Each structure stands twice: as structure tokens, then as C-alpha cells.
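For the record, the sequence lines run as chains A and Y.
When we follow the numbering used here, the leftmost residue of the first sequence carries the number 1, and every step to the right adds one.
When we follow the numbering used here, the leftmost residue of the second sequence carries the number 416, and every step to the right adds one.
Contents: one structure, followed by commentary.
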Amino acid sequence: MSHHSHGAPAVRAENIGHSFGDVPVLDGVDLSVDPGEFVAVVGPNGAGKTTLLRTLNGVLDPDEGRVTVGGDPVAELSARAVSRRVGTVPQHSHVGFAFSTEQVVEMGRTPHRSRLDWSSDDEPVERALERTETVSFRDRPVDELSGGERQRVLLARALAQEPSVLVLDEPTASLDINHQIGMLRVVRELVEEGKTAIAAIHDLDLAARFCERLCLLADGEIRARGEPDAVLAADELATAFGTRTAVTRNPVTGTPAVAALPDRPDVDGRVHVVGGGTTGERVVRALWRAGFDLSVGPLPAGDRTAALAAELGCPSVTAPPFEPVSASHREAATELASEADALVVSDGAGTVPDVAGRSPCIRAAFTDGTAGGPTTPARGDGGQPPTGDVGVDRSVETEAGLLDAVGVVCGVEPE
Amino acid sequence: MRIRSRVLVWSAGLSATLLCTIVVSARIGPVGIDTGTVLRATINTLAYPSGVSVDSARAGLWGYSVPVPVPDLGYTRPFDLPVDSSEQVIVRELRLPRILLGAVVGFALATAGAVMQGFFRNPMADPSIIGVSSGAAVGAVAVIAFPVAVPFGLQTAAFVGALITAFGVYLIATESGRTPVATLLLAGLAIQTFLGAVISYLLLYTGDSLEEAVLWLMGHLRYSSWADVEATLPLTAVVFVVLLAYARDLNVMLLGEEDAQTLGIDVEWTKRILLAGASLITAAGVAVAGIIGFVGLIIPHIMRLLVGPDHRILLPTSALAGATFLVAADTLARAGPAEVPVGIVTAAVGAPFFLFLLLRKEVHAL
Numbered sequence: 001m002s003h004h005s006h007g008a009p010a011v012r013a014e015n016i017g018h019s020f021g022d023v024p025v026l027d028g029v030d031l032s033v034d035p036g037e038f039v040a041v042v043g044p045n046g047a048g049k050t051t052l053l054r055t056l057n058g059v060l061d062p063d064e065g066r067v068t069v070g071g072d073p074v075a076e077l078s079a080r081a082v083s084r085r086v087g088t089v090p091q092h093s094h095v096g097f098a099f100s101t102e103q104v105v106e107m108g109r110t111p112h113r114s115r116l117d118w119s120s121d122d123e124p125v126e127r128a129l130e131r132t133e134t135v136s137f138r139d140r141p142v143d144e145l146s147g148g149e150r151q152r153v154l155l156a157r158a159l160a161q162e163p164s165v166l167v168l169d170e171p172t173a174s175l176d177i178n179h180q181i182g183m184l185r186v187v188r189e190l191v192e193e194g195k196t197a198i199a200a201i202h203d204l205d206l207a208a209r210f211c212e213r214l215c216l217l218a219d220g221e222i223r224a225r226g227e228p229d230a231v232l233a234a235d236e237l238a239t240a241f242g243t244r245t246a247v248t249r250n251p252v253t254g255t256p257a258v259a260a261l262p263d264r265p266d267v268d269g270r271v272h273v274v275g276g277g278t279t280g281e282r283v284v285r286a287l288w289r290a291g292f293d294l295s296v297g298p299l300p301a302g303d304r305t306a307a308l309a310a311e312l313g314c315p316s317v318t319a320p321p322f323e324p325v326s327a328s329h330r331e332a333a334t335e336l337a338s339e340a341d342a343l344v345v346s347d348g349a350g351t352v353p354d355v356a357g358r359s360p361c362i363r364a365a366f367t368d369g370t371a372g373g374p375t376t377p378a379r380g381d382g383g384q385p386p387t388g389d390v391g392v393d394r395s396v397e398t399e400a401g402l403l404d405a406v407g408v409v410c411g412v413e414p415e
Numbered sequence: 416m417r418i419r420s421r422v423l424v425w426s427a428g429l430s431a432t433l434l435c436t437i438v439v440s441a442r443i444g445p446v447g448i449d450t451g452t453v454l455r456a457t458i459n460t461l462a463y464p465s466g467v468s469v470d471s472a473r474a475g476l477w478g479y480s481v482p483v484p485v486p487d488l489g490y491t492r493p494f495d496l497p498v499d500s501s502e503q504v505i506v507r508e509l510r511l512p513r514i515l516l517g518a519v520v521g522f523a524l525a526t527a528g529a530v531m532q533g534f535f536r537n538p539m540a541d542p543s544i545i546g547v548s549s550g551a552a553v554g555a556v557a558v559i560a561f562p563v564a565v566p567f568g569l570q571t572a573a574f575v576g577a578l579i580t581a582f583g584v585y586l587i588a589t590e591s592g593r594t595p596v597a598t599l600l601l602a603g604l605a606i607q608t609f610l611g612a613v614i615s616y617l618l619l620y621t622g623d624s625l626e627e628a629v630l631w632l633m634g635h636l637r638y639s640s641w642a643d644v645e646a647t648l649p650l651t652a653v654v655f656v657v658l659l660a661y662a663r664d665l666n667v668m669l670l671g672e673e674d675a676q677t678l679g680i681d682v683e684w685t686k687r688i689l690l691a692g693a694s695l696i697t698a699a700g701v702a703v704a705g706i707i708g709f710v711g712l713i714i715p716h717i718m719r720l721l722v723g724p725d726h727r728i729l730l731p732t733s734a735l736a737g738a739t740f741l742v743a744a745d746t747l748a749r750a751g752p753a754e755v756p757v758g759i760v761t762a763a764v765g766a767p768f769f770l771f772l773l774l775r776k777e778v779h780a781l
């Protein structure tokens, strides 16, 4: 705000490198945050998020590189000068003795008062208490507050500093979901009013929902940065977290959401799935978990199997719903199917013969569970194709059976 | 109520208590003196400095001696109320210096204790936690074992020993400009253990002076003089004012060093000021009175229960309560048929009280 020269970033970290002993924690990190931005630093545990934030608020003087706040190098400012510009909300604060909420928030005035000034300039303290809805327990000792309440007190303390930049280290860690959202909503509002915020946020969905920019930090380096959609979809995200991820949409907010997918074996086998609905979805899920590479289609756009395949990043052919599948869609699907080792047809799909290609074809008609489509009446000896289905080599009724059958076709030993 | 008015009210109340305790204490002794006489004799004792002359004392070591100039402050006493001359001498030369020294030492130890407990964020910390008392003891016992004829040799040696130890512990625990509190605590513990061995070794060589050495180690105010008061009172007052000026910083330091820095505190500088201040007044107190335990531990603890953790009110109230407590304890120590070192009284009273707090769960976990 007032101390920003025009156009200067609110906070800028240039080529930050730091090691603790022999352990490198940050390596060549650049980060520039403009006034009025809310940037989330995301990344796995031990990525260096906290260390990066500690260089921004001047607590840690990095081995290499420099940090400027409003254009001035932090290393050349006194702690007092930095604390007037940057307010910090730590992840934890241990209060050894029983200070009240109001006393702790009043400590946020420290950088604005001379040492012998014991007056209480109540105005900023009151505003901070109200802003964070901590007024109701202003006289309670902070060591008796719940985690969510204490986090709000720490935010109020930072607001009492009247800084232009807020640095928040995992402000939502260890909070209930309602407190997480409440906390970030207040920060978001403050950003709308002109403050700049940089937060390490563990929860990718919350980061995507409240921040305009994400910055993915892993192994001390920035791996991806930009708008939430782009960062969450980036391959670097999966690499950074060491797990497969799926990007979906939050059904309410419409913001991207990330789901970490369960570990799955890496199996050598491509399977094409035809037929959607709940059975198709079950087939895709079971085969994906078992480790097969998948493709699907043709499926009507909006089909749940098609949506699942998209989240899992599987190639698929989708056609407009409520009309016959066009020749070009059919052709595309046939091409996918012809590259597959096996073809699985979920029950009810009428297009089997057209895309069957040369792959052995397995028909899945689950009789277990509630989510199955129309069931196959025949409960014959496994492996016998139901009569009347042209080109079906084998029919299965359970997911286990499906995996067995596909495994045999692809030459994979069942686990 | 705002902090300033709370500080004023509490300080006024505790000051009144201290004054009453002093008057009562001055009445008590082998010769009972009534309150009116005590008050008149005390007023007669009031004096203002009126000039400096230089005396020559002789200082010597192992048979050699040299003259040493000693500045001597001249005083003028403006009052001369009618008091029996022997009672006047008892009050002025025996009781008042001892009582005032007790008050100053109690004031200093309780202040240092409050600061150290805040500094280490540990309610079990006491003024000698970084080895100040052990260092003083080495100096004092060394002088008792190997006497030197220097004026105030014992006090000087104890004071210097205390400061060297505190500074040494600080240096050991400091690496590239930072002094982690945990390292300081452990270094202090190690040095105290080592100095304990030195003290025991020195005690072997005290010979006929063993009793004097043991008395000193227990802490007593028996040989208090006006000179002791003149040396400790100004130092304690100045350091107290400095520490009080840092009371708010100390509050913020209680949130943790990293939080304190983000709130604009120059953490390492503040730690140095607090450590130096607390060590200085502890050294001053211990040098004239020996090792008096529990005052610096118990008093801040009680006051924290009464007034809360804010050091702006905790420091002055602890100081005044510490002064009152030590005057009362010393009165008890000398009131019996045989005088006992006041350190025994403070420990005997303090330890059960501490257990009481412990059982009431007022003492937090370490």
C-alpha cells in the first residue's frame, strides 16, 4: 500500500538458496508477488515451504539470493521495520504463560510503539479482534482456546501489525474443514481490500479455491507456477507428491480439486472399454486400480464413465449424446480398440461388434453389488460366452472375474 | 483496568506492605524497640550525600601491602529527633542496614527470577540458572580460603566470579551470533556442576574458616553494612529500570523467538540485555548476601498467579514482594534464640509452599 513504489512487487524473492548443514532446502527459488495477490505455495512435506516463508518475513537470512519487500531488501531492514510491512501467522505458537487473547493481539502493536509507551492504542487492536471474530473470547487465556480459535488469534495479532503483506504458514493445518474455510475466507477478504498474502497451504483444493496463483515447490525448487487449473493439472504435481493424482471439479464452487489416487501396480497391458453407465464405471475403476492402461469410447458426452476416464487421464472418444454415433467417432474408437490387448464390453453396450477389431472381447455383466446394469441371466460356468452375442469370447460377472479374464488375455499373472 | 493503573495500584499496595514489614522488623531483636522510636530513629538516619573525600586503605596479599585510595562519600543528616542514643545506634547501625540490604537483595533476586523464568519460558528457572551463584561462590570461598586484605575483597571476588561465569556460559552457548536458550540452559547446568566440584575442593582448604564459608554458602545478612547497601542499591535500581523498559519485549519473547522477531523484536540483542541485567543484579545480591535460594523462584511464581503473566506488572510486583519476603524471612532468622542463616529460612518456607503449588497443579510441566 503506502510504501510500495509503483509497479514494484509487494514481495520478491530472487534466486533463494539455503541449506541446513549439508541438507539443501531451497535451491534457486524465484518468487514475485504483486500487491493485492493471494499466492499459495503448495508442495509435499519437506519441500521447503516453511523455509521459503521464513526468508520472506526476515526470520531466516538465506545463504544465497535476496528478498525484497516493497522494493527494499529485507536483510538491510531492522526486524522492527520488516514487521511493520510483513505480518506473519505462524503454524503454531506456543504460549508458555497464560496471556489473554487481547494481550496476544496487542503484542501485534509492538512494531508501532516505543519501548516505554505502555498505552493501549486500541483502535487497530479492536479492528483486528472484530475482523477475525475473536472479540467474544478476548479475555480468555489463549492456552484454553481450541485450535481454530487460536489460529484466528494469531491472524488477529498479524492484522494488529497493520502490515501490507501477510505471510501465513499452513494457516489451515489441524483445523476442521469449516474453520479452514473461515480462515481462508477472511484472508481472501483482506486481499480483496488490498493486502497481499502468501500462504503455504497443504490442501490443494483449498489453495485452488482461494488463491489466484499457485506455486508448486518440491525438493527446494519451484516446479510449476500459475493459475490453479494449470498447476494442478501439471505432470510435475504428481511427480512432486510422488503419487498419481486426478483433477476433478468441486461440484459446488467449480474450482479444481485434486484427488490423490491409490497406489496401483504398473501392469503391462492396454484395455479398451466400450459401454458406459455404472457398469462401465466399475469396469474402468477396477482395471485402472489393477494397473492396466485404459482407453474408452465411444461414449456419450457427460457419461459418468467418460468423466472418470478423463479424471484418470485415459484417452477416450466421446460423442454427442442422444444421437447415433457418427462414423468418425466410431472410427476413432475402433482405432483405440485395435491398439489394445483386450476389449471389455460393459453390459448393454450395443456397439460391440463395430469396434471389436481384432482384440479378444470380454463382456462384463456384473451380478454382484447394487451398481450393476441389467444382469445376465446365465450363471453358467465361468468363461462360457452367453448365447447370442457375436464376437464375445468370454463373459464375466464379477470384478475379480474381469481382472482374471483380462489378465489371461494380456498375459499378466493375477496377484 | 489499564495496565498502567494496575501497575500503580499493585505497586502502591506492595510498597506499603514493604514499609510496614521494615518497621516491624526494626522493632524486633534482642532489644525490643517501640514503633515510635523506630520511626524517629529512622528519620534521624535519613541523609543526603554532601561531599567526597578520599581515604587511604591498605590492601595486601601474602604480607605485601600497598595503600589504596578509597573514595568516601560524606553525608549530612538533616533531622535530629529525640531518641535514646543506644536505641538510635541499634536502629541506625545494626538493624536498618541489615533490613535495607535484605530488601534490596530480595528485590534483586525476585526481579532476576521473573526475568529468567520469562527468558527460559520455564516456571522452574531461577536467577542462578546460568551459573551466577556458583561463580559467586567460587570467588567468595576462594577469598575465604586464601584471604586477601582488600577492602570488600569477599564481595568483589564473589561479584567478579559471578559475572565471569555468566559471561562464560553465554559465550559457550553462543555460536555465530545466536544463543539458543536450550543450549544456554544446558551449558549453565554443566558449568554449575563443574563449579560445584571447585567449591568443594576449595572448602578443603578453608581450615578454620570453614564455618564462615558454609555460612556464606547458606546465604545470610549477618554482617550487613551501609557500604553494602550503598554498593547494591544504585546498581539494582538502574538495572531494574532497564529491565522494566524491556518488560514488553520480554512478553513478546514468551511467544517464542521466531514469533518475537516477526513482531519486530531484535531477539538476540534483547536476550543479551535480559541476561546481562538479570545476571548483574543477581551477582550484586549474591555478592553481599551469599546464596539465598527460593526467593527468585517462588516469588515470581506467586505473583504470576496473582497478577498474570504480563511482565510490565510482574516485574515491579515481584520485586516488591521479594523485598518484603526477604525482610520478613531475615527477621524470622534473627528473632530466635540463635540466629540461623536466612537462606535456611527461605528454603524451609519456600519448599513446602512450592509443593503446595505443585499439588494444586499450578506449576506447569517443564
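Built from N, CA and C at the ideal position, the CB exists for glycine as well.
Fair warning: this is a prediction, and the values are worked out from it, not measured in the lab.
One alpha carbon belongs to R455(Y), the other to S639(Y), and they sit about 22 Å apart.
Interface annotation, L145(A): not in contact with chain Y, CB-CB separation never under 8 Å. At the C-beta level, V187(A) and F38(A) come within 8 Å of one another. Neighbourhood of A660(Y) in chain A, by CB distance below 7 Å: R115 and L116, in chain order.
Residue range P228 to A233 is occupied by the alpha helix (DSSP H) that includes P228(A).
Counting only runs of 3+ residues, the beta strand (DSSP E) found wholly inside the stretch 306-345 of chain A occupies 316-319, in chain order. Residue pairing for I16(A): DSSP places it in a beta bridge opposite V29(A). Residue contact check for N666(Y) against chain A: a CB pair falls below 8 Å. Separation of Q161(A) and G679(Y) (C-alpha to C-alpha, rounded to the nearest whole angstrom) is 9 Å. In the three-state reduction of the DSSP assignment, L488(Y) falls in the strand class, which pools E and B. The Cβ-Cβ distance between L524(Y) and P542(Y) falls below 8 Å. Of all residues in the stretch 87-112 of chain A, those with a C-beta nearer than 7 Å to a C-beta of chain Y are T88, P90, S93, H94, V95, G96, F97, A98, F99, Q103, M107, G108, T110 and P111, reading in chain order.
Under the Cβ criterion (8 Å, minimum of three pairs), the stretch 481-491 of chain Y counts as touching the stretch 457-468 of chain Y.
When only Cα atoms are considered, F769(Y) and A628(Y) end up about 28 Å apart. Not a single C-beta of chain A is nearer than 8 Å to the C-beta of T594(Y). Secondary structure at C410(A): helix, using DSSP grouped into helix, strand and coil. The DSSP-derived three-state label of E189(A) is helix.
When the beta-carbon positions are compared, R264(A) and G291(A) come within less than 8 Å of each other. Under the three-state reduction of DSSP, Y585(Y) is assigned to helix. One Cα belongs to G302(A), the other to L294(A), and the distance between them is close to 18 Å. Collapsing the DSSP output to three states places Y463(Y) in a strand.
Straight through space, the alpha carbons of G280(A) and E397(A) are spaced by roughly 13 Å.
In chain A, no part has a C-beta under 8 Å from the C-beta of T589(Y); the shortest such distance is about 17 Å. Beta-bridge analysis with DSSP links E236(A) to no other residue. In the DSSP assignment, H726(Y) falls outside any beta strand (DSSP E) and lies within the alpha helix (DSSP H) extending over H726 to A750. Secondary structure at I198(A): strand, using DSSP grouped into helix, strand and coil. Contacts with chain A (Cβ-Cβ distance below 7 Å) from the stretch 668-693 of chain Y involve L669, L670, G671, E673, D674, Q676, T677, L678, G679, I680 and D681, listed in chain order. W684(Y) counts as exposed, since fewer than 16 other C-beta atoms from the protein chains shown sit within 10 angstroms of its C-beta. At the C-beta level, V33(A) and V11(A) come within 8 Å of one another.
Rounded to the nearest angstrom, the gap between the Cα atoms of R536(Y) and D219(A) is 34 Å. Note that the C-beta distance between G550(Y) and I579(Y) is below 8 Å. Relative to the Cα of V69(A), the nearest Cα in the group V41(A), V89(A), A8(A) and D30(A) belongs to A8(A). Spatial neighbours of A173(A) in its own chain (CB-CB distance under 7 Å, excluding positions within 5 residues in sequence) are listed in chain order as Q91 and H202. Remark: three or more beta-carbon pairs, one from each stretch, lie closer than 8 Å, so the stretch 687-703 of chain Y and the stretch 570-585 of chain Y are flagged as touching.
Residue-level contact by beta carbon holds for R719(Y) and chain A, with a gap shorter than 8 Å. DSSP lists H272(A) as the bridge partner or partners of S295(A).
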